[in-house]
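One structure is given below, encoded as structure tokens.
Residue numbers (the numbering used here): 107 to 426.
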């Protein structure tokens with residue numbers, strides 16, 4: 107079962123209904139294969155991280171999902187419907203934030219918010235006002251005078267204030283400063299706790315790690331791996347640093363690598379990495395040696411990402 111993001115109760119945790127589904131999704135541009143059998147499942151009520159470097163096929167997938175591009179093969183569904191055939195009606199159930207926002211230069215920021223919100227199916231006035239305050243945004247200026255970060259705020263406020271079931275966010279914090287990124291994360295947690303489903307594509311792995319119930323990592327148009335962070339961490343190694351009174355013994359213990367033990371005037375400093383299934387045994391060996399200090403560091407999303415890419419075949423697909 108997916109792990110609820112910070113601030114979310116068990117009752118708020120995602121269900122089993124698939125809001126966004128792709129199976130064997132293929133997209134070709136002439137002789138170039140952008141998507142080569144990609145799989146994706148986003149469940150209702152979850153925040154789902156969609157990860158991969160430039161050229162992995164993320165933006166192509168989102169364009170097909172939004173009905174802006176026709177697939178070449180495979181299956182894709184949005185709320186159980188074909189997004190190419192039903193895009194107009196489906197768009198009223200979702201909000202989309204691109205990574206590079208283009209606005210109407212002669213309109214004010216507030217007017218742009220209202221126009222975008224109508225596309226999303228309406229807006230809550232009190233929520234709109236609250237978001238303007240939290241994003242420290244001046245809605246009276248003309249769009250032509252906004253920086254990239256302020257243009258991004260227009261799109262975010264319009265999407266986050268809308269009454270929608272799904273938010274599709276493609277590099278949503280591009281151009282925002284760290285304080286605004288923090289505000290964004292807080293608001294996403296709030297909307298997710300209300301049952302809104304979020305598909306978050308981002309290069310900022312710390313942002314995804316802070317928000318996502320599950321993640322899907324793609325490479326050259328194919329899905330490399332998917333699961334909760336806990337599930338992905340069980341597939342890689344945990345780093346341990348300890349200081350013990352005696353030299354710890356790991357004789358014959360499989361799954362222990364990069365072991366270094368240094369005698370520091372009678373105190374033994376040990377560093378090692380262990381597979382998830384022997385973590386308890388390794389920690390037990392350290393405790394048996396008399397632990398003075400112990401630090402256990404599970405792999406970060408950055409490390410999981412690199413591990414997934416290292417394990418992926420270099421022959422997979424072709425870049426988008």
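Where a beta carbon is used, it is the ideal one built from N, C-alpha and C, also for glycine.
Item	Value
8 Å Cβ cutoff met for residue 267 and residue 291	no
Cβ neighbours of residue 310 in the same chain (closer than 7 Å, five flanking residues each side left out)	279
Cβ-based burial, residue 352 [other Cβ within 10 Å; buried from 16]	exposed
Close Cβ partners of residue 420 (< 8 Å) along its chain, the five nearest in sequence each way excluded	With a pLDDT of only 48 at residue 420, under the threshold of 50, the placement of this residue in the model should not be trusted; the figure read from the coordinates follows. Answer for residue 420: no residue qualifies.
Close Cβ partners of residue 406 (< 6 Å) along its chain, the five nearest in sequence each way excluded	none
CB contact flag (residue 155, residue 264, <8 Å)	no
Same chain only: Cβ atoms within 7 Å of residue 153, ignoring 5 sequence neighbours per side	111, 294, 298, 304, 306, 317, 318 and 319
Where residue 113 falls, given that 16 or more other Cβ within 10 Å makes a residue buried	With a pLDDT of 45 at residue 113, under the threshold of 50, the modelled position of that residue is not reliable, and the figure given next carries that caveat. Exposed, by the Cβ-count rule.
Limits of the unbroken alpha helix (DSSP H) element including residue 256	254-266
Simplified DSSP assignment, three categories, for residue 510	Residue 510 lies beyond the range of the chain shown here (107 to 426); nothing can be said about it.
CB of residue 398 within 8 Å of CB of residue 350, strictly	yes
6 Å CB neighbourhood of residue 148 in its chain, flanking five on each side removed	125, 126, 154 and 305
Exposed unless 16 or more other CB atoms sit within 10 angstroms - verdict on residue 239	exposed
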